[in-house]
Amino acid sequence: MTSVGAADVMAIRNAVLQRNAALRDAAARPLANTVQTTDTARVDGVAAGSPSFATTFQNALQQVNTLQEQEDVATEAYERGETTDIASVVLMQQRASISFEATLQVRNKLLSAYKDIMNMPV
272 MTSVGAADVM AIRNAVLQRN AALRDAAARP LANTVQTTDT ARVDGVAAGS
322 PSFATTFQNA LQQVNTLQEQ EDVATEAYER GETTDIASVV LMQQRASISF
372 EATLQVRNKL LSAYKDIMNM PV
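Going by the working numbering, the first residue of the sequence shown is number 272, and it counts up by one from there.
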């Protein structure tokens, strides 16, 4: 597994914000202006070979868990005196904290979207 830095988290955040803006713009356009396409390979609109949402979400949670575990190991090693590099320990703590906060925000957005969908009139 590769480690996720603050720059990576910010890049992902910016990509999500850009997609959100694009979706908002697309939703604001009238339906008549949209291009009609047909995809006979997949009816549900998912490209063949692309990972499912569940797989993507599970991988993201696994990365967050890995960062938390690495932070725990680094902190315990510092407490035992095995390492004296406090900067790397603090950096690991911040990476773990940022990834957890981002995961928490995604969870909050998913719950909010679920509530909005459940409150929609039929």
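Ideal placement from N, C-alpha and C gives every residue a C-beta, glycine not left out.
Would you tell me roughly how many angstroms separate the C-alpha atoms of residue i and residue j, rounded to the nearest one?
i      : j      : result
MET389 : ALA345 : 43 Å
ARG284 : SER359 : 24 Å
PRO322 : GLU347 : 36 Å
ALA325 : ARG290 : 19 Å
ALA277 : ARG295 : 27 Å
GLY352 : ASP343 : 14 Å
Sort the options by Cα distance to residue i and report the nearest one.
i      : options                           : result
VAL287 : PRO392, ALA325, GLN376 and MET391 : GLN376
GLN334 : SER323, THR374 and ASP387         : THR374
VAL275 : LEU332, ARG366, GLU353 and ALA299 : ARG366
Could you tell me whether any Cβ in chain D is nearer than 7 Å to the Cβ of residue i?
i      : result
SER274 : No chain D appears in the structure shown, which is made up of a single protein chain.
Using a Cβ distance threshold of 8 Å, determine whether the region 361 to 379 contacts the region 339 to 353, with at least three qualifying pairs required.
The region 361 to 379 makes contact with the region 339 to 353, as at least three CB pairs between them are under 8 Å.
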